[in-house]
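Accompanying notes for the structure given below.
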Amino acid sequence: MRLTWDGTPGRSSCHPRRGVVACLEGELRSALAKRIYQVLALRMARGVRPPFVFTLADCLDEIAFGNGRKPGMQAKQISSALCSLQKASIVLSHEVREIGHGAYEIVVVPGERLHAAGLFRGVGAQDKTWTRTLLYHLGIFGISLSTGRQLLRSFPTQTVNVLRRAYYLQTEKGGMDMNGRPVENWGGWIRGGIENGWEFTEPGYLRWLDRMSGRALDEESLVTPVIDIKAPVREPKETSPDQSPTAPPSSVDAELPAGEWGQALERFRPQVPALTFDSWLRNTWQIEVTNAQVRVGTPNTFAVGWIQDKYGEALSAILSELLERPISLSVHHEAEPQSD
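In the numbering used here, the protein residues as written are 717 to 1056.
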């Protein structure tokens, strides 16, 4: 007897953000299929190389399943469960074949979701969600875990920028770079962009980033997949056609920080895109003002270097004008202050 399933795996309707538990509950009604999924995912996370080959006895033992039925019936139950996993894109293909009287061999080729579990090998529970997400996306492009960690330590903001650019080129440009040439090695391209500080400033790309940020909710392009991580974007030197100049407000925005720092942000806000301002500058506060310095706090570790390096000089000039003496800006990572 030979039981096989060679159909093309379908697209799952479960959104990846809902997690494995929701996927199991929403798509797999069979308790046996759920258990097999858990065992296969654990194998991938431990680095076991596919395809996975089991004897029927070993498979039943590993999934802790036994109902006293004859081996032929148990093999059919396993095959049926694997069919369910294949329809959910968890298994790419499988085969259950009889190799002797009452003896069966089971071969499983992982699908896209099981490969995703393998990409998380080496990512610990102590890693923040932000770190795990970026390591996963770097792994998709063939960048090893150790290299990914090194890139995140050295270039956290640039890593996000280049990953977003890679998705833009894949989804909007057919995998071509801006010179019309296909990108042959995405891992090398991404690493080069991160380490060499590539900047992406053309208006079409900036408009795409705006759509992905939700500023154009009626655009059909919002269905384009993109990692959902807030990150700064490089603003163009000239105003893009789709961006109208923002007039300075007549009074200090109530949502801006208090004190001289809030006044400085009020003056500075028209000089940067709204997405950048809201993501990196709005959620800051004034710590103290000394004779030569304004100390500012932010809860975002990566915003410290971003604000200091990119806008420190301009903001220091505004603060100096407001306080009528030379002032330098000093940005610090601190917990958000308690409200009175």
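For every residue, glycine included, the Cβ atom is placed at its ideal position computed from N, Cα and C. The structure presented is a predicted model; accordingly, all values stated were derived computationally and were not measured.
- Excluding residues up to 5 positions away in sequence, Gly903 lie with their Cβ nearer than 6 Å to the Cβ of Gly858 in the same chain.
- In this structure, DSSP gives Ala1019 a helical state, which the three-state scheme calls helix.
- Within a 10 Å sphere around the beta-carbon of Pro898 sit fewer than 16 other beta-carbons, which makes this residue exposed.
- Per DSSP, Leu1045 is one residue of the beta strand (DSSP E) stretching across Ser1044 to His1049.
- For Arg1011 and Asp994, the gap between their C-alpha atoms comes out near 20 Å.
- The beta carbon of Gly818 lies closer than 6 Å to those of Pro787 in the same chain, with the five residues before and after it left out.
- Taking Thr1014 as reference, the option from Tyr820, Gln802, His1049 and Ala1033 with the minimal CA-CA separation is His1049.
- Under the three-state reduction of DSSP output, Val764 falls in the coil class, being neither helix nor strand.
- Rounded to the nearest angstrom, the gap between the Cα atoms of Ile779 and Leu772 is 11 Å.
- Between Glu1037 and Gln1024, the alpha-carbon positions lie close to 18 Å from each other.
- Residues Gln1002 of the same chain have their beta carbon placed closer than 6 Å to that of Gly975, with the five preceding and five following residues left out of the count.
- Annotation for Ser809: the continuous beta strand (DSSP E) segment containing it runs Val807 to Gly816.
- Ser746 sits close to Ala797, with the two beta carbons spaced by under 8 Å.
- Using a Cβ distance threshold of 8 Å, Ile806 and Leu830 count as a contacting pair.
- By the neighbour-count criterion, in which 16 or more other beta carbons inside 10 Å mark a residue as buried, Thr1006 falls on the exposed side.
- In this structure, DSSP gives Ile859 a state outside helix and strand, which the three-state scheme calls coil.
- Here Leu801 is near Ala749, since their CB atoms are less than 8 Å apart.
- Here Gln987 is not near Ile1043, since their CB atoms are 8 Å or more apart.
- In the DSSP assignment, Pro898 forms a beta bridge with Met892.
- A contact between stretches requires three or more CB pairs, one per stretch, nearer than 8 Å, and the region 902 to 918 meets this requirement with the region 869 to 881.
- Annotation: Glu982 to Arg998 spans about 10 Å, alpha carbon to alpha carbon.
- With distances taken between CA atoms, Pro1053 lies nearest to Glu1004 out of Glu1004, Gly1021, Arg1041 and Ala1030.
- In this structure, the alpha-carbon of Glu888 lies about 47 Å from that of Phe781.
- Taking Gln979 as reference, the option from Ser1032, Thr847, Val876 and Leu991 with the minimal CA-CA separation is Ser1032.
- Judged by beta-carbon spacing, Trp977 lies beyond the 8 Å limit of Trp996, meaning their Cβ atoms are not closer than that value.
- Boundaries around Gly1013 are those of the beta strand (DSSP E), Gln1009 to Thr1014, since no alpha helix (DSSP H) includes it.
- Beyond the five residues adjoining it in sequence on each side, Leu776 comes within less than 7 Å, by CB distance, of Gly782 and Gln790 in the same chain, given in chain order.
- In the three-state DSSP reduction, Ile779 falls in the coil class, being neither helix nor strand.
- Met760 and Ile752 have their C-alpha atoms some 12 Å from each other.
- Closest in C-alpha terms to Ile1034, from the list Val876, Leu991 and Phe984, comes Phe984.
- Val825 is a Cβ neighbour of Leu808, given a cutoff of 8 Å.
- Look at Val755 here: in three-state DSSP terms it is helix.
- Shown here, Pro986 sits in a helix according to DSSP, grouped into three states.
- With a threshold of 16 other beta carbon atoms within 10 Å, Asn877 meets it and is buried.
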